[in-house]
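Chemist: Okay, here's the structure, questions in a sec.
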Amino acid sequence: MTSLKHALLRTGGLLAARNSTNTTVVNTDVIVIGGGASGSHAAVRLTDYGQDVIVIEKQSNLGGAVDSYTDRVTNKPYDFGVMIFADYGNATGFFDRFNIPVSARVKPTLGYLYADFQTGQLLPNYTGPSWDEQLAAFEAYVDIAEKYEDCE
Numbered sequence: 197m198t199s200l201k202h203a204l205l206r207t208g209g210l211l212a213a214r215n216s217t218n219t220t221v222v223n224t225d226v227i228v229i230g231g232g233a234s235g236s237h238a239a240v241r242l243t244d245y246g247q248d249v250i251v252i253e254k255q256s257n258l259g260g261a262v263d264s265y266t267d268r269v270t271n272k273p274y275d276f277g278v279m280i281f282a283d284y285g286n287a288t289g290f291f292d293r294f295n296i297p298v299s300a301r302v303k304p305t306l307g308y309l310y311a312d313f314q315t316g317q318l319l320p321n322y323t324g325p326s327w328d329e330q331l332a333a334f335e336a337y338v339d340i341a342e343k344y345e346d347c348e
């Protein structure tokens, strides 16, 4: 039901845009929806192949799942989302291309505090997946991704 609601809201937005008197027509080869890691990478690779690309991103900056949350009480920012990339294949090549420094992840010395970012409530009984479960999930992902490695 949520997907249907979102689809209807998006359709309404398109209809509103269509009825706008300030219409601009843009000709392009490819439109990439979303400027997260996948969308940004796709846009750059398509440009490499000579395509004219436009990226449409709803946020004011690119990044997708990489974000931060600022505590309203302390005004302290907390990074969340993607924090590491596995050094597999050409995973760091995209960063190298734009001279973005990559460093080893520093394991925090502090404990973890889990919270529901929609409600702000702490989750004291939350138990994340074990290291073995995380590793198994990552290995399953790599097995699938390897089938498409030549699609770079």
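Each residue of the sequence shown is one higher than the one before, starting from 197 at the first, in the numbering used here.
Glycine included, each C-beta is placed from N, C-alpha and C at the ideal position.
1. Give every residue of the same chain whose Cβ lies closer than 7 Å to the Cβ of L242, excluding the five residues on either side of it in the sequence, and list them in chain order.
2. Evaluate G231 with the Cβ neighbour count: other Cβ atoms within 10 Å of its Cβ, from every protein chain shown; 16 or more gives buried, anything less gives exposed.
3. Tell me which residue opens and which closes the beta strand (DSSP E) that Y344 is part of.
4. I need the boundaries of the alpha helix (DSSP H) containing S234, first residue and last residue.
5. Can you tell me which of the three DSSP states A336 falls into?
6. Tell me whether V228 is buried or exposed, calling it buried when 16 or more other Cβ atoms sit within 10 Å of its Cβ.
Modeler: According to the data block:
1. V226, V249
2. buried
3. First-last for Y344: undefined, no H or E at that position.
4. 233-244
5. helix
6. buried
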